[in-house]
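*Asks:* For reference, the structure I am asking about is given below.
Number of protein chains: 2
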Amino acid sequence: MKLSVKTITERFRGSGRKVTPQRVAVFEVLCERGGHPTVDQIYQEVRKRFPMMSLNTVYQIMEALVEMKIVSPVSHGQEAARYETDSAPHHHAICVLCKRIVDVFDPALGRVRPPQAVKDRFQVVGHRVEFFGYCADCQASRQPAH
Amino acid sequence: MKLSVKTITERFRGSGRKVTPQRVAVFEVLCERGGHPTVDQIYQEVRKRFPMMSLNTVYQIMEALVEMKIVSPVSHGQEAARYETDSAPHHHAICVLCKRIVDVFDPALGRVRPPQAVKDRFQVVGHRVEFFGYCADCQASRQPAH
DNA sequence: TCCTTAGTAATAATCATTCTCGTTTAGATC
DNA sequence: GATCTAAACGAGAATGATTATTACTAAGGA
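If you read the protein sequences in the order shown, they are chains A and B. Mapping of the first sequence onto this note's numbering: residues 89 to 234, in sequence order. Mapping of the second sequence onto this note's numbering: residues 89 to 234, in sequence order.
Spelled out as structure tokens, the structure:
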């Protein structure tokens with residue numbers, strides 16, 4: 089469900105928010121760029137079109153997009169937060185060296201069920217499976233042993 | 089495999105590290121406290137015994153303990169890093185409101201397998217399943233709807 | 001067009017973490 | 001026990017990501 093600029097405009101209006109050039113620009117960058125960018129990466133890209141734009145504005149726009157469930161934060165460790173545009177439910181494979189995140193689409197992972205002990209104490213609303221390892225690039229550049 | 093002060097002393101010496109009162113104190117706090125404390129929580133606790141101790145020292149000691157595989161960092165979102173003392177392999181249930189982390193021991197979760205597409209591109213070394221939801225306390229205090 | 005209010009930009013503040021560096025100390029050696 | 005040296009410590013500064021403050025601007029309804 090790829091959102092268009094038209095749709096995003098309606099979503100902004102529908103949630104009582106204003107449509108501004110900055111918001112549209114951030115959204116376009118997210119669509120064109122894809123992946124799991126950090127706030128700063130989005131900022132650098134948007135800045136090419138709006139050189140006067142503030143980093144703070146990007147933070148605020150991302151916050152609005154999260155509230156509207158158009159993007160989701162994906163953060164690991166103390167690295168800078170990353171965002172992904174919401175699409176089909178999926179999981180992640182993360183390279184422990186370069187922090188690259190690859191989306192994993194596999195219906196089987198969606199069928200993972202919390203054990204009874206968790207259901208007794210938690211009202212579970214979702215789960216996430218993360219695979220850790222070395223991506224192809226980092227395998228190649230890594231020392232054979234140490 | 090609960091570690092004793094004696095064992096930790098040997099582990100420090102065995103890895104070419106010195107045994108200092110600060111290190112023993114941090115380790116004792118970790119054992120007594122359990123759970124998934126932040127660096128600052130550990131610091132506040134240790135400070136009761138060593139009022140002159142520096143926060144920086146706690147960071148350094150945690151780094152050493154991670155290298156020695158005695159504790160593991162458990163970080164979620166842009167929250168402060170948390171540490172858990174290593175025990176049996178397990179997963180987590182995380183309250184999205186209060187950030188409380190509950191350990192989940194369930195052999196079934198260890199049997200989750202990466203799909204072939206991941207194995208083709210990643211050298212997978214592990215995985216983690218995280219359940220998200222509301223803990224009992226936060227369910228009680230939460231608005232019924234909004 | 002006017003008006004209200006949300007959005008923006010600039011800047012300061014905050015928070016977790018890391019770095020720098022001078023001082024102290026564990027533990028090996030004598 | 002005295003001496004020595006690398007490791008560890010403490011204090012505070014520096015960094016980097018994020019959040020808060022505030023005055024100005026502009027979106028969009030009346």
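Yeah, the Cβ is synthetic: ideal placement off N, Cα and C, and Gly gets one too.
Counting contacts by CB-CB distance shorter than 8 Å, is H124 of chain B in contact with chain A?
*Replies:* No, H124 of chain B does not count as interfacial toward chain A.
*Asks:* What are the residues of the region 170 to 181 of chain A that lie near chain B, defined by any Cβ-Cβ distance shorter than 8 Å?
*Replies:* Those would be A181, in chain order.
*Asks:* Please compile the residues from chain A whose C-beta is within a distance smaller than 9 Å of the C-beta of S103 of chain B.
*Replies:* In chain order: nothing, as chain A lies at least about 16 Å away.
*Asks:* Leaving out five residues before and five after L153 of chain B in sequence, what residues of the same chain have Cβ atoms less than 6 Å from its Cβ?
*Replies:* Excluding positions up to five away in sequence, the list reads V159.
*Asks:* What does I158 of chain A pair with, by DSSP beta-bridge criteria?
*Replies:* Looking at the DSSP assignment, I158 of chain A forms no beta bridge with any residue, so it has no partner.
*Asks:* Keeping to the same chain, check which residues put their C-beta closer than 7 Å to that of S188 of chain B; ignore five residues upstream and five downstream.
*Replies:* Position check: residue 188 of chain B holds Arg in this sequence, whereas Ser was assumed. C223.
*Asks:* Could one say the Cβ of P202 of chain B lies closer than 8 Å to chain A's Cβ atoms, at least one of them?
*Replies:* Closer than 8 Å: yes.
*Asks:* On the CB-based measure, 16 or more other CB atoms within 10 Å of its CB, does P177 of chain B come out buried or exposed?
*Replies:* By the neighbour-count rule (16 or more Cβ atoms within 10 Å), P177 of chain B is not buried but exposed.
*Asks:* Between which two residues does the alpha helix (DSSP H) containing C223 of chain A stretch?
*Replies:* Where C223 of chain A is concerned, there is no enclosing alpha helix (DSSP H), although the beta strand (DSSP E) it sits in stretches over F210 to C223.
*Asks:* Measuring alpha carbon to alpha carbon, tell me which residue in B:V200, B:K106 and B:S103 is nearest H179 of chain A.
*Replies:* With distances taken between Cα atoms, H179 of chain A lies closest to B:V200.
*Asks:* Considering only C-alpha positions, which residue in the set B:P109, B:L197 and B:P125 is nearest to T173 of chain B?
*Replies:* Out of B:P109, B:L197 and B:P125, B:P125 has the C-alpha closest to the C-alpha of T173 of chain B.
*Asks:* With DSSP run on the structure shown, which of helix, strand or coil describes A176 of chain B?
*Replies:* Reduced to three states, the DSSP call for A176 of chain B is coil.
*Asks:* Which partner residues of Y131 of chain A appear in the DSSP bridge assignment?
*Replies:* In DSSP, Y131 of chain A forms no bridge with anything.
*Asks:* Is S163 of chain B close to chain A, meaning its C-beta is less than 8 Å from at least one C-beta of that chain?
*Replies:* Output row for S163 of chain B: interface = yes.
*Asks:* Run the CB neighbour count on F193 of chain B, radius 10 Å, all protein chains shown included, and call it buried at 16 or more, exposed below.
*Replies:* It is exposed - the Cβ of F193 of chain B has fewer than 16 other Cβ atoms within 10 Å.
*Asks:* What did DSSP end up calling V206 of chain A once you bin it into helix, strand or coil?
*Replies:* Of the three classes helix, strand and coil, the one that applies to V206 of chain A here is helix, per DSSP.
*Asks:* Could you compute how far the alpha carbon of E98 of chain B sits from the alpha carbon of F219 of chain A?
*Replies:* So the two alpha carbons sit approximately 33 Å from each other.
*Asks:* For R216 of chain A, which residues in the same chain have their Cβ closer than 7 Å to its Cβ, ignoring the five residues on either side in sequence?
*Replies:* If we look at R216 of chain A and ignore the five residues flanking it on each side, its Cβ neighbours are H179.
*Asks:* C226 of chain A to F138 of chain B, Cα distance in whole Å?
*Replies:* If you take the alpha carbons of C226 of chain A and F138 of chain B, they lie about 43 Å apart.
*Asks:* Check whether the region 198 to 214 of chain A touches the region 97 to 114 of chain B, taking contact to mean three or more Cβ pairs, one atom from each stretch, closer than 8 Å.
*Replies:* As far as the Cβ criterion goes, the region 198 to 214 of chain A does not touch the region 97 to 114 of chain B, which means the pair count is below three.
*Asks:* Whole-angstrom Cβ separation of A169 of chain A and Q166 of chain B, contact assumed at under 8 Å?
*Replies:* Sure, about 5 Å apart at Cβ, within 8 Å.
*Asks:* Three-state secondary structure (DSSP) at T108 of chain B?
*Replies:* In this structure, T108 of chain B counts as coil in the three-state DSSP scheme.
*Asks:* Could you pull out every residue in the same chain whose Cβ sits closer than 6 Å to the Cβ of T145 of chain B, ignoring the five residues on either side in sequence?
*Replies:* Counting only Cβ-Cβ distances below 6 Å, and skipping sequence neighbours, we find Q110.
*Asks:* How about D194 of chain B: is its C-beta nearer than 8 Å to some C-beta of chain A?
*Replies:* Taking Cβ atoms only, chain A reaches closer than 8 Å to D194 of chain B, which makes this a yes.
*Asks:* Starting from V190 of chain A, follow the beta strand (DSSP E) in both directions and report where the run begins and ends.
*Replies:* It spans I189 to V192 - the beta strand (DSSP E) in which V190 of chain A sits, taken as one unbroken run.
*Asks:* Return the chain-ordered list of same chain residues with a C-beta closer than 8 Å to the C-beta of E120 of chain A, the five sequence neighbours on each side being excluded.
*Replies:* If we look at E120 of chain A and ignore the five residues flanking it on each side, it has no Cβ neighbours.
*Asks:* Have a look at S229 of chain A and E116 of chain A and give me their C-alpha separation to the nearest angstrom.
*Replies:* In a straight line, the C-alpha of S229 of chain A is about 34 Å away from that of E116 of chain A.
*Asks:* Return the residue from the list A:I182, A:M156 and A:K207 that minimises the CA-CA distance to S163 of chain A.
*Replies:* The residue with the shortest Cα to Cα distance from S163 of chain A is A:I182.
*Asks:* At a CB-CB cut-off below 8 Å, which residues of chain A make contact with V212 of chain B?
*Replies:* A181, F219, F220 and G221, listed in chain order.
*Asks:* Using the three-state DSSP reduction, which class does A196 of chain B fall into: helix, strand or coil?
*Replies:* DSSP places A196 of chain B in helix when its eight states are reduced to three.
*Asks:* Between Q129 of chain A and Y147 of chain A, what straight-line distance do the alpha-carbon atoms span, to the nearest angstrom?
*Replies:* Approximately 12 Å, taken between the alpha carbons.
*Asks:* Closest Cβ-Cβ distance between Q129 of chain B and chain A: below 8 Å?
*Replies:* No, Q129 of chain B lies away from the interface with chain A (no Cβ there is under 8 Å from its Cβ).
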